[in-house]
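Straight run, no breaks: the sequence shown in my numbering ends on number 377.
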Amino acid sequence: MQVFCRDFKYCAKNSAIVRIALLRTCGGGSAITVFSRMSETTSEFQVCIAGTGSYVPEKVLTNEELSKRVDTSDEWIVSRTGIRERRIAAAGEFTSHMATHAARKALEQAGIEAKDVQLIIVATITPDTPTPATACYVQQNLGSMGAVAFDISAACSGFLYAMKIAKRLISSGAFENALIIGAEKLSAVTNWEDRATCVLFGDGAGAAVLRRAEPQEGSILATEMGSDGNLTHLLNIPGGGTACPITSDNVNDHLFTLNMLGKEVFKHAVNRMKEAAEKVIERAGLQAKDIACVIPHQANLRIIDAIADRLLVPNDRVFVNLDKYGNTSAAAVAIALDEANRSGAFKRGDNIVLVVFGAGLTWAAAAVRW
Ligand SMILES: CC(C)(COP(=O)(O)OP(=O)(O)OC[C@H]1O[C@@H](n2cnc3c(N)ncnc32)[C@H](O)[C@@H]1OP(=O)(O)O)[C@@H](O)C(=O)NCCC(=O)NCCS
8 MQVFCRDFKY CAKNSAIVRI ALLRTCGGGS AITVFSRMSE TTSEFQVCIA
58 GTGSYVPEKV LTNEELSKRV DTSDEWIVSR TGIRERRIAA AGEFTSHMAT
108 HAARKALEQA GIEAKDVQLI IVATITPDTP TPATACYVQQ NLGSMGAVAF
158 DISAACSGFL YAMKIAKRLI SSGAFENALI IGAEKLSAVT NWEDRATCVL
208 FGDGAGAAVL RRAEPQEGSI LATEMGSDGN LTHLLNIPGG GTACPITSDN
258 VNDHLFTLNM LGKEVFKHAV NRMKEAAEKV IERAGLQAKD IACVIPHQAN
308 LRIIDAIADR LLVPNDRVFV NLDKYGNTSA AAVAIALDEA NRSGAFKRGD
358 NIVLVVFGAG LTWAAAAVRW
């Protein structure tokens, strides 16, 4: 008979986290599942968000200006999306530059020096270069030479993917702190002749410092993430990778800019974000009335309103800044978190919920006690 460990799950027992191994035994073509407790306690560290920061480029591109480039109008863009303007990075301003600005502010608020940062994760679909990782440029800019630095690619969900990864690496004891950043220069991968997409996106960066929490501090209560690789066709940049490298023949075919089936994306965004948010709210032992602030991905005001309705959270407890920045992909929820934090949208001890959705398709959520 073969016995192998299939999975682990965690449950609370006498105030301790108990790790349960789900063991599966196979024999004679049949399989049964038995449960066995592997260890009485695993002392996981609580993880808090100690500081946030954000940066957007100086140049503002209004709907009015866009309507001179493509067949659109301020009225159409505002009524269909809620976006009024977006920021556009300068030619010599790269994703790593914006990420570094945001990171410095987050470190300052956290009271952690750049040299003491142990882990840097940059979530982006617009890296400075295919390799090395944008996180390595950020490491160099900050002088965080003791850190481990890498990128993740999960589109608009990337910042919360980074949060879950960093939280796990800190709670396990592998690292004491982490700098997580969502940063994008989407203007570099936008088809400025396609009115269906060019009105939606913008540039910017947001960052957060995670570290082990002291007993009296808040913590990240629950995280969730998911993907559906059957839906890669809904939102993508088809060229520029190994499937369709840039050649002199295809360079003008708009294969290296964002393509999207907007209506389909809309439908999945609402359903997936609602489910992900509900999961973390339930796992954190919260109800809608306990949530001081929901910070959703900033893609479309109609998507945000639909999620608030479904979660039964009143609109005045949902943070929105997409009117100023449009959809900045991985940076969007990170910039919103920083602006919500600095504007006093929630205070110490409040429960907040972050929820995102993006190409992949991917989605993620986090419930945090501030
Ligand atoms: C993109 C989006 C705003 C389009 O809104 P919509 O209500 O679905 O609009 P449609 O795509 O059905 O287009 C309706 C009409 O407006 C037109 N239109 C599209 N973009 C336009 C624009 N910028 N200005 C004016 N008209 C536009 C279309 O051509 C279409 O015209 P038709 O009826 O003559 O064919 C919406 O689908 C959306 O936000 N989807 C989710 C996108 C998203 O969040 N992506 C990122 C995920 S991370």
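Every residue gets a Cβ at the ideal spot worked out from N, C-alpha and C, and that includes glycine.
Straight-line gap, residue i to residue j (C-alpha atoms, nearest Å)
{"i": "K75", "j": "L68", "result": "11 Å"}
{"i": "G180", "j": "D123", "result": "16 Å"}
{"i": "T107", "j": "A156", "result": "13 Å"}
{"i": "H261", "j": "L207", "result": "17 Å"}
{"i": "A214", "j": "N237", "result": "30 Å"}
{"i": "I359", "j": "V277", "result": "19 Å"}
{"i": "A339", "j": "N257", "result": "31 Å"}
{"i": "P303", "j": "V362", "result": "5 Å"}
{"i": "V145", "j": "I128", "result": "10 Å"}
{"i": "I172", "j": "T230", "result": "10 Å"}
{"i": "S151", "j": "K192", "result": "23 Å"}
{"i": "S160", "j": "M170", "result": "13 Å"}
{"i": "A113", "j": "C251", "result": "38 Å"}
{"i": "G233", "j": "P245", "result": "22 Å"}
{"i": "L241", "j": "F273", "result": "10 Å"}
{"i": "A381", "j": "K66", "result": "No answer is possible for residue 381: it lies beyond the span of the chain, which begins at 8 and ends at 377."}
{"i": "Q53", "j": "L176", "result": "11 Å"}
{"i": "D357", "j": "F101", "result": "35 Å"}
{"i": "N188", "j": "A372", "result": "Looking at the sequence itself, residue 188 is Ile, so the reference to Asn does not match. Straight-line Cα distance between these residues: approximately 16 Å."}
{"i": "T369", "j": "S255", "result": "33 Å"}
{"i": "G351", "j": "G58", "result": "14 Å"}
{"i": "V63", "j": "N322", "result": "25 Å"}
{"i": "L186", "j": "E115", "result": "12 Å"}
{"i": "D235", "j": "E285", "result": "18 Å"}
{"i": "D312", "j": "H275", "result": "15 Å"}
{"i": "F182", "j": "I119", "result": "14 Å"}
Contact test: residue i Cβ vs ligand 1 heavy atom, cutoff 7 Å
{"i": "V325", "result": "no"}
{"i": "M267", "result": "yes"}
{"i": "F364", "result": "yes"}
{"i": "F273", "result": "yes"}
{"i": "W83", "result": "yes"}
{"i": "C163", "result": "yes"}
{"i": "L242", "result": "yes"}
{"i": "H304", "result": "yes"}
{"i": "T138", "result": "no"}
{"i": "I310", "result": "yes"}
{"i": "T107", "result": "no"}
{"i": "N70", "result": "no"}
{"i": "K270", "result": "yes"}
{"i": "L262", "result": "no"}
{"i": "N198", "result": "no"}
{"i": "T79", "result": "yes"}
{"i": "N307", "result": "yes"}
{"i": "L207", "result": "yes"}
Beta-carbon proximity of residue i to residue j, cut-off 8 Å
{"i": "G365", "j": "S336", "result": "yes"}
{"i": "R324", "j": "A299", "result": "yes"}
{"i": "T88", "j": "N328", "result": "no"}
{"i": "L318", "j": "K281", "result": "yes"}
{"i": "A96", "j": "L126", "result": "no"}
{"i": "T264", "j": "T197", "result": "yes"}
{"i": "M105", "j": "A190", "result": "yes"}
{"i": "I342", "j": "G211", "result": "yes"}
{"i": "S178", "j": "E51", "result": "yes"}
7 Å Cβ shell around residue i - same chain, five flanking residues per side excluded
{"i": "T79", "result": "L73, R202 and V206"}
{"i": "L228", "result": "A291, A374, V375 and R376"}
{"i": "G333", "result": "I90, R93, L207, F208 and G209"}
{"i": "N21", "result": "For N21, the predicted model reports a pLDDT of 38, less than 50, meaning its position is unreliable and no value from the coordinates is stated."}
{"i": "V77", "result": "E200, R202 and C205"}
{"i": "S226", "result": "Q53, V54, C55, A220 and R376"}
Beta-carbon proximity list for residue i, same chain, < 8 Å, skipping 5 on both sides
{"i": "R111", "result": "G60, A121 and L149"}
{"i": "D158", "result": "I128, V129, A130, T131, P134, A140, T141 and A142"}
Assigned exposure category for residue i - 16 Cβ within 10 Å defines buried
{"i": "S194", "result": "buried"}
{"i": "S86", "result": "exposed"}
{"i": "W199", "result": "exposed"}
{"i": "N184", "result": "buried"}
{"i": "Q223", "result": "exposed"}
{"i": "T204", "result": "buried"}
{"i": "Q294", "result": "exposed"}
{"i": "S164", "result": "buried"}
{"i": "A98", "result": "exposed"}
{"i": "N348", "result": "buried"}
{"i": "R355", "result": "exposed"}
{"i": "K296", "result": "exposed"}
{"i": "L217", "result": "buried"}
{"i": "G388", "result": "Nothing about residue 388 can be read from this structure; the chain reaches only from 8 to 377."}
{"i": "K270", "result": "exposed"}
Own chain residues within Cβ distance below 6 Å of residue i, not counting five before or after
{"i": "F353", "result": "A299, C300, I359 and W377"}
{"i": "E346", "result": "N328"}
{"i": "E47", "result": "At E47 the pLDDT is 32, less than 50, meaning the model places this residue with poor confidence; the figure from the coordinates comes in the next sentence. Counting only Cβ-Cβ distances below 6 Å, and skipping sequence neighbours, we find nothing."}
{"i": "I84", "result": "N70, I90 and V206"}
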